[in-house]
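Trainee:
There are 2 protein chains.
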Amino acid sequence: MTIKQIAQQAGVSVASVSNVINGNYHKVSAETRKKIEKIISETGYTPNAVARSLATQESKIISMVIPYIGEYFSFNANPYYSELIAEVEKYVRAQDYCLMIRCVDRCSDIVHMLSSWNVDGAIFAGASASEIGDLRNSLKCPSVFIDSYCEKEGVVCVGIDDYRGGYLSARHLLNNGHRKIAFAAPSFGSEGVIYERFRGFTDACREYGVEIGEKDIFEVDAVESNSIVAGNDIALSAEKFTAVGVTSDLTACGIMRGISQCGLSVPKDISVIGFDDLSLCTISSPRLTTISQDIQMKARRAGDLLFTMIREKCELTSNEKIAVKLVERDSVARAEQ
Amino acid sequence: MTIKQIAQQAGVSVASVSNVINGNYHKVSAETRKKIEKIISETGYTPNAVARSLATQESKIISMVIPYIGEYFSFNANPYYSELIAEVEKYVRAQDYCLMIRCVDRCSDIVHMLSSWNVDGAIFAGASASEIGDLRNSLKCPSVFIDSYCEKEGVVCVGIDDYRGGYLSARHLLNNGHRKIAFAAPSFGSEGVIYERFRGFTDACREYGVEIGEKDIFEVDAVESNSIVAGNDIALSAEKFTAVGVTSDLTACGIMRGISQCGLSVPKDISVIGFDDLSLCTISSPRLTTISQDIQMKARRAGDLLFTMIREKCELTSNEKIAVKLVERDSVARAEQ
DNA sequence: TGTGGTTAGTTAAACGATTTACCAATCTTG
DNA sequence: CAAGATTGGTAAATCGTTTAACTAACCACA
Numbered sequence: 001m002t003i004k005q006i007a008q009q010a011g012v013s014v015a016s017v018s019n020v021i022n023g024n025y026h027k028v029s030a031e032t033r034k035k036i037e038k039i040i041s042e043t044g045y046t047p048n049a050v051a052r053s054l055a056t057q058e059s060k061i062i063s064m065v066i067p068y069i070g071e072y073f074s075f076n077a078n079p080y081y082s083e084l085i086a087e088v089e090k091y092v093r094a095q096d097y098c099l100m101i102r103c104v105d106r107c108s109d110i111v112h113m114l115s116s117w118n119v120d121g122a123i124f125a126g127a128s129a130s131e132i133g134d135l136r137n138s139l140k141c142p143s144v145f146i147d148s149y150c151e152k153e154g155v156v157c158v159g160i161d162d163y164r165g166g167y168l169s170a171r172h173l174l175n176n177g178h179r180k181i182a183f184a185a186p187s188f189g190s191e192g193v194i195y196e197r198f199r200g201f202t203d204a205c206r207e208y209g210v211e212i213g214e215k216d217i218f219e220v221d222a223v224e225s226n227s228i229v230a231g232n233d234i235a236l237s238a239e240k241f242t243a244v245g246v247t248s249d250l251t252a253c254g255i256m257r258g259i260s261q262c263g264l265s266v267p268k269d270i271s272v273i274g275f276d277d278l279s280l281c282t283i284s285s286p287r288l289t290t291i292s293q294d295i296q297m298k299a300r301r302a303g304d305l306l307f308t309m310i311r312e313k314c315e316l317t318s319n320e321k322i323a324v325k326l327v328e329r330d331s332v333a334r335a336e337q
Numbered sequence: 338m339t340i341k342q343i344a345q346q347a348g349v350s351v352a353s354v355s356n357v358i359n360g361n362y363h364k365v366s367a368e369t370r371k372k373i374e375k376i377i378s379e380t381g382y383t384p385n386a387v388a389r390s391l392a393t394q395e396s397k398i399i400s401m402v403i404p405y406i407g408e409y410f411s412f413n414a415n416p417y418y419s420e421l422i423a424e425v426e427k428y429v430r431a432q433d434y435c436l437m438i439r440c441v442d443r444c445s446d447i448v449h450m451l452s453s454w455n456v457d458g459a460i461f462a463g464a465s466a467s468e469i470g471d472l473r474n475s476l477k478c479p480s481v482f483i484d485s486y487c488e489k490e491g492v493v494c495v496g497i498d499d500y501r502g503g504y505l506s507a508r509h510l511l512n513n514g515h516r517k518i519a520f521a522a523p524s525f526g527s528e529g530v531i532y533e534r535f536r537g538f539t540d541a542c543r544e545y546g547v548e549i550g551e552k553d554i555f556e557v558d559a560v561e562s563n564s565i566v567a568g569n570d571i572a573l574s575a576e577k578f579t580a581v582g583v584t585s586d587l588t589a590c591g592i593m594r595g596i597s598q599c600g601l602s603v604p605k606d607i608s609v610i611g612f613d614d615l616s617l618c619t620i621s622s623p624r625l626t627t628i629s630q631d632i633q634m635k636a637r638r639a640g641d642l643l644f645t646m647i648r649e650k651c652e653l654t655s656n657e658k659i660a661v662k663l664v665e666r667d668s669v670a671r672a673e674q
């Protein structure tokens, strides 16, 4: 079923049909409009999106680009990503756009696909500042970067207040009397989400006269077995930690398990605080105390900014940081004197 | 950058450029082929997918259609879906196709979008037999249905051996001496994944002379608070259950929490067995004994069948059931005498 | 030498929409 | 009533590809 056939059946030109489809009602009389609409609804005709896209150079497609590392898909390894994708999908669908999803090694892998499909906008998760720099030259469509730190003119980032999150996390442990504190995170450089959480964490510690040194930092990625090993290490460390701050809930759960394996109890012997507030926090045992981030808000702000750029055809520069908060559950206890 | 410009620069016709792009090398001499390829790589030209799709009536797009109920996205509420999506994305990308994702109320919501984008194939998750029936008339592209039970000619289903899973689940409890057994599942009719698991479960019980009656069945959806309530109900029931079989790991975790809340211990007082074998099984406490399904295999088989239909331009009828197996962890113990 | 078969290439018609430019009829208005 | 504006509509170009049909040159062979 094509627009041509509709036009034929209605005895009008394709231009008229196109006009009623696109709501250019001032160009067509009420009478012919009725006639055309009748036939459209009778036949169940829908305009072909591909042809439309070719003609308009737009597509009503938004692409979401997710990093993955080695074997592990971020959104498989870490439920944070699936919650994020779910929220983005919801937003995009509400705008009557389609969502294309793609995992990539390097963000630049995607630029051809984006222009090739006339993609109207892209949302990148977890791109580094340098990747964004490379992207800026090649990328044609409006984009927003979730969980990135980048101050460049013309780039839109949406994230959370990671520094504050790290700070609140440590302060909660300190307020509970802990002084022997470990920090567990994936490897990080001197920028980005994890680095900011680390800065906040150490700054809070310093305020209480506690220094986080190299021996207090445990490097651990999202792979579950690795986080269990980290839990073992923390439990058995000569440092006799009474608490550990972790940069993701998933890892925190693994660490709790690793600690239990060594015969110590959470939170009685060692307190654990996570980050993200995923739904698994209430499933774990003990339920995980954590820093809560509002994933839905993140997706919504990213969507708002993206669609502003698309609709107003403008460039924006933004670095939104959404507030975080402490959610107390059962994995942090007062340190024994 | 268009094919026209490439042709101009190379001093040949667009047809020749098109032929080298598409590997119709017999139609172009080695010499001009070199010339064209040189210019293509110099300019970094990529053919426009939209125009190509319009011309070929294909798109290299696969669509994945996910059900959601009310507020809850399946793949948000249940990590099973995100693992499935991750595997499908991987498969589709390996074939050099794009993946469009869409959550729907009713499967029929998607047919317009599929034809409008010339989508080459679709993967539906969790569609009911009647929905598939409706779809068959309107659907233009090859499709495979994951987790559906449908015997109709020309429909391709890929699932797991749910009956066997239910059977193994109950048998494991029975072999551990349990006789007061509860069954927790979302509401189900007389067909589909949950019903099959139920059949297997009750059949095994019957072999041991145990009847699962209405008072032994607890209806519970994926919402976490509901599963905790179910856990409470099971713990406090006058039936004095010593074990419960659950049709999803996520719900099983909530039920374990609900049981603990009532002061009972898993598995000491009540054993719990899940279904799916998601990664969260190893972070729950106790680690969840469950029926393991191979999600990667499921995605791969679905992909294989789908791409066979796409490439061979043929219709298939299939009802593959992938084997499941019991994975013993710590949430099932022997019943006390 | 005429016929037929390759080979290498071009031209132009699709694909299914949008949109600009144009036209004819009718209405306003001084 | 003539000029101009408005209304309702059409024809045709365009978007960037693929591909069928065609051509011209060359070669082989009876």
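Each protein sequence line maps, in turn, to chains H and X.
Start counting the first sequence at 1; every next residue gets the next number (the working numbering).
Start counting the second sequence at 338; every next residue gets the next number (the working numbering).
Built from N, CA and C at the ideal position, the CB exists for glycine as well.
Quantities reported herein were computed from a predicted structural model and do not represent experimental measurements.
Considering S480 (chain X), what are the terminal residues of the beta strand (DSSP E) in which it resides?
Mentor: Against the second sequence, residue 480 (chain X) aligns to sequence position 143. S480 to I483 is the span of the beta strand (DSSP E), which, as asked, contains S480 (chain X).
Trainee: Secondary structure at A660 (chain X), three-state DSSP: helix, strand or coil?
Mentor: Walking along the second sequence from the start, residue 660 (chain X) turns up at place 323. Coil at A660 (chain X), not helix or strand.
Trainee: Could you check the C-alpha separation between E652 (chain X) and R389 (chain X) for me, to the nearest Å?
Mentor: In the second sequence, the residue the question calls residue 652 (chain X) occupies position 315. In the second sequence, the residue the question calls residue 389 (chain X) occupies position 52. C-alpha separation (whole angstroms): 25 Å.
Trainee: Am I right that S271 (chain H) and V327 (chain H) are in contact with their C-beta atoms under 8 Å? What's the rounded C-beta distance?
Mentor: Locating residue 271 (chain H) in the first sequence gives position 271, counting from the first residue. Locating residue 327 (chain H) in the first sequence gives position 327, counting from the first residue. At roughly 14 Å, the Cβ-Cβ gap does not stay under 8 Å, so S271 (chain H) and V327 (chain H) are not in contact.
Trainee: Could you pull the start and end residues of the beta strand (DSSP E) that T56 (chain H) belongs to?
Mentor: The residue given as residue 56 (chain H) occupies position 56 in the first sequence. Counting along the chain, T56 (chain H) falls outside any beta strand (DSSP E), though it belongs to the alpha helix (DSSP H) covering A49 to T56.
Trainee: For a contact defined as C-beta to C-beta under 8 Å, what are the partners of G568 (chain X) on chain H?
Mentor: One-based indexing of the second sequence puts residue 568 (chain X) at position 231. What G568 (chain X) touches in chain H: nothing, since even the nearest Cβ is about 11 Å away.
Trainee: Measure from the alpha carbon of C494 (chain X) to the alpha carbon of each residue in X:S453, X:N513 and X:I469, then state which is nearest.
Mentor: Numbered from its first residue, the second sequence carries residue 494 (chain X) at position 157. With distances taken between Cα atoms, C494 (chain X) lies closest to X:I469.
Trainee: Output the boundary residues of the alpha helix (DSSP H) element that contains L250 (chain H).
Mentor: By one-based count along the first sequence, residue 250 (chain H) stands at place 250. Start and end: D249 to Q261.
Trainee: Taking the beta carbon of E533 (chain X) as the centre, do at least 16 other beta carbons fall within 10 Å, making it buried, or is it exposed?
Mentor: Here residue 533 (chain X) corresponds to residue number 196 of the second sequence, with the count starting at 1. So E533 (chain X) counts as buried.
Trainee: By the DSSP assignment, the beta strand (DSSP E) with D613 (chain X) in it spans what residues?
Mentor: Numbered from 1 along the second sequence, position 276 holds the residue referred to as residue 613 (chain X). S608 to D613 is the extent of the beta strand (DSSP E) around D613 (chain X).
Trainee: Any idea which residues DSSP pairs T626 (chain X) with across the strands?
Mentor: Position 289 of the second sequence, counting from 1, holds the residue named residue 626 (chain X). Answer is X:I610, bridged to T626 (chain X).
Trainee: Which one or two residues does DSSP pair with G126 (chain H) in a beta bridge?
Mentor: In the first sequence, the residue the question calls residue 126 (chain H) occupies position 126. None; G126 (chain H) has no bridge partner.
Trainee: I'd like to check one pair, Y97 (chain H) with I146 (chain H): are the Cβ atoms closer than 7 Å?
Mentor: Here residue 146 (chain H) refers to the residue found at position 146 when the first sequence is read from its first residue. Here residue 97 (chain H) refers to the residue found at position 97 when the first sequence is read from its first residue. Not closer than 7 Å, so no.
Trainee: Output yes or no for whether 7 Å exceeds the beta carbon distance between G121 (chain H) and I295 (chain H).
Mentor: Residue numbering aside, residue 121 (chain H) sits at position 121 when the first sequence is read from its first letter. Residue numbering aside, residue 295 (chain H) sits at position 295 when the first sequence is read from its first letter. Taking 7 Å as the Cβ cut-off, G121 (chain H) and I295 (chain H) do not qualify as a contacting pair.
Trainee: Where do the ends of the beta strand (DSSP E) carrying L99 (chain H) lie?
Mentor: The count along the first sequence starts at 1 and reaches residue 99 (chain H) at position 99. C98 to V104 is the extent of the beta strand (DSSP E) around L99 (chain H).
Trainee: Verify whether the separation of the beta carbon atoms of G489 (chain X) and K577 (chain X) is less than 7 Å.
Mentor: In the second sequence, the residue the question calls residue 489 (chain X) occupies position 152. In the second sequence, the residue the question calls residue 577 (chain X) occupies position 240. The residue asked about is misnamed: residue 489 (chain X) is Lys in this sequence, not Gly. No. Outside cutoff.
Trainee: Please list the residues of the stretch 289 to 317 of chain H that have a C-beta atom closer than 9 Å to any C-beta atom in chain X, keeping them in chain order.
Mentor: Per Cβ criterion, the list is empty.
Trainee: Under 6 Å: does the beta carbon of S467 (chain X) sit that close to some heavy atom of the ligand GTP?
Mentor: The ligand GTP is not part of this structure, which contains no ligands at all.
Trainee: For the alpha helix (DSSP H) containing F525 (chain X), list its first residue and its last residue.
Mentor: Working through the second sequence from its first residue, we reach residue 525 (chain X) at position 188. Careful: F525 (chain X) lies outside any alpha helix (DSSP H) and carries neither H nor E.
Trainee: For A670 (chain X), which residues from the same chain have a beta carbon less than 8 Å from its beta carbon, with the 5 sequence-adjacent residues on both sides left out?
Mentor: Taking the first residue of the second sequence as position 1, residue 670 (chain X) is located at position 333. So the qualifying residues of the chain are N513, P604, K605 and S608.
Trainee: Go ahead and pull the three-state DSSP assignment for V220 (chain H).
Mentor: Locating residue 220 (chain H) in the first sequence gives position 220, where the first residue counts as 1. Coil.
Trainee: If I'm right that Y167 (chain H) touches G200 (chain H) with Cβ under 8 Å, what's the distance once you round it to whole angstroms?
Mentor: The residue given as residue 167 (chain H) occupies position 167 in the first sequence. The residue given as residue 200 (chain H) occupies position 200 in the first sequence. Indeed, because the Cβ distance is near 4 Å, the residues count as touching under 8 Å.
Trainee: Closer than 8 Å is the cut-off here; do at least three beta carbon pairs connect the stretch 362 to 375 of chain X with the stretch 416 to 430 of chain X?
Mentor: Judged by Cβ distances under 8 Å, the stretch 362 to 375 of chain X makes no contact with the stretch 416 to 430 of chain X, as fewer than three pairs qualify.
Trainee: Pull out every residue of the stretch 203 to 224 of chain H whose Cβ sits closer than 7 Å to any Cβ of chain X, in chain order.
Mentor: So the list reads E224, given in the order they occur along the chain.
Trainee: In chain order, what residues of the same chain have a beta carbon less than 7 Å from the beta carbon of Q9 (chain H), not counting five sequence neighbours either side?
Mentor: What you label residue 9 (chain H) is simply residue 9 of the first sequence in a count that begins at 1. Contacts found: I39.
Trainee: Would you mind telling me which residues of chain H sit closer than 7 Å to P416 (chain X), beta carbon to beta carbon, in chain order?
Mentor: One-based indexing of the second sequence puts residue 416 (chain X) at position 79. Simply P79 and S82.
Trainee: Pairs of beta-carbons, one from the stretch 205 to 212 of chain H and one from the stretch 227 to 241 of chain H, closer than 8 Å: are there three or more?
Mentor: At 8 Å Cβ cutoff, the stretches do not touch.
Trainee: Which residues share a DSSP beta bridge with M64 (chain H)?
Mentor: Sequence index remark: in the first sequence, residue 64 (chain H) carries index 64 (1-based). Beta-bridge pairing links M64 (chain H) to H:I101 and H:I123.
Trainee: Per the DSSP calculation, V425 (chain X) is bridged to which residue(s)?
Mentor: By 1-based counting over the second sequence, the position of residue 425 (chain X) is 88. Per DSSP, none; premise fails for V425 (chain X).
Trainee: Closer than 9 Å, Cβ to Cβ, to anything on chain X: give me those residues from the stretch 42 to 54 of chain H, in chain order.
Mentor: Answer in chain order: G44, T46, P47, N48, A49, V50, A51, R52, S53 and L54.
Trainee: Under 7 Å between C-beta atoms, does S18 (chain H) make it to chain X?
Mentor: Counted from its first residue, the first sequence places residue 18 (chain H) at position 18. It does not; no Cβ of chain X falls within 7 Å.
Trainee: How many Å lie between V441 (chain X) and D498 (chain X) at the Cα?
Mentor: Numbered from 1 along the second sequence, position 104 holds the residue referred to as residue 441 (chain X). Numbered from 1 along the second sequence, position 161 holds the residue referred to as residue 498 (chain X). The straight-line gap from Cα to Cα measures roughly 26 Å.
Trainee: Can you tell me the Cα-Cα spacing of D203 (chain H) and S190 (chain H), whole angstroms?
Mentor: On the first sequence, position 203 is the one that residue 203 (chain H) refers to. On the first sequence, position 190 is the one that residue 190 (chain H) refers to. Rounded to whole angstroms, D203 (chain H) to S190 (chain H) spans 15 Å at the Cα level.
Trainee: When we look at the beta-carbon of N118 (chain H) and count the other beta-carbons within 10 Å, is it buried (16 or more) or exposed?
Mentor: Numbered from 1 along the first sequence, position 118 holds the residue referred to as residue 118 (chain H). Burial call: buried.
Trainee: Hey, quick one: how far does the beta strand (DSSP E) through C444 (chain X) stretch, first residue to last?
Mentor: Counted from its first residue, the second sequence places residue 444 (chain X) at position 107. That residue, C444 (chain X), is in no beta strand (DSSP E); it is neither H nor E in DSSP.
Trainee: With DSSP run on the structure shown, which of helix, strand or coil describes S318 (chain H)?
Mentor: Within the first sequence, residue 318 (chain H) is the residue found at index 318, counting from 1. Residue state, collapsed to three classes: strand.
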